[in-house]
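Report on the following structure.
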Amino acid sequence: MSVLKRIGTVGAVASLALAGMMAMPHQAKAWWHGGWGVGVVLPPVVIAPPVYAPPPPVVYAPPPVAYAPAPYYAPRRVWIPPHWRGGYWVPGHWS
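Taking the numbering used here, the leading residue of the sequence shown gets 22, the next gets one more, and so forth.
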């Protein structure tokens with residue numbers, strides 16, 4: 022069991038060191054111009070062939086107008102200006 026712990030610890034330390042090296046600021050280089058960071062030169066790995074999307078339609082129709090007018094029974098709100106009422110100041114508000 023201690024061998025597995027040791028291998029796990031070494032792997033964790035190595036992965037933290039690798040993450041630190043990847044996070045360090047450095048000059049951007051393409052893989053064909055000297056590699057990444059420490060000089061590792063590997064071409065990119067292609068996992069799947071490229072997938073091409075169909076071209077967009079030629080004519081774009083405007084979207085349908087989606088609005089609901091206010092119901093006819095809805096009362097209109099009115100602005101009531103600030104005023105005095107019974108010795109108290111009432112700020113302006115909507116009815």
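C-beta: ideal position from N, C-alpha, C; glycine also. It should be emphasised that the depicted structure is a prediction, and the values quoted were computed from it without experimental measurement.
Residue(s) in a DSSP beta bridge with residue i
| i | result |
| --- | --- |
| Ile101 | His114 |
| Tyr109 | Arg106 |
Cβ-based neighbour list, residue i, same chain, cut-off 6 Å, excluding 5 preceding and 5 following
| i | result |
| --- | --- |
| Val72 | none |
Boundaries of the alpha helix (DSSP H) in which residue i is found, first to last residue
| i | result |
| --- | --- |
| Ala38 | Ser23 to Ala44 |
Cut-off 8 Å between Cβ atoms - residues of its own chain near residue i, not counting five sequence neighbours on either side
| i | result |
| --- | --- |
| Trp105 | Val111 |
Own chain, CB closer than 7 Å to residue i, minus 5 neighbours either side, in chain order
| i | result |
| --- | --- |
| Gly113 | Trp100, Ile101, Pro102 and Pro103 |
| Ala38 | none |
| Ala44 | none |
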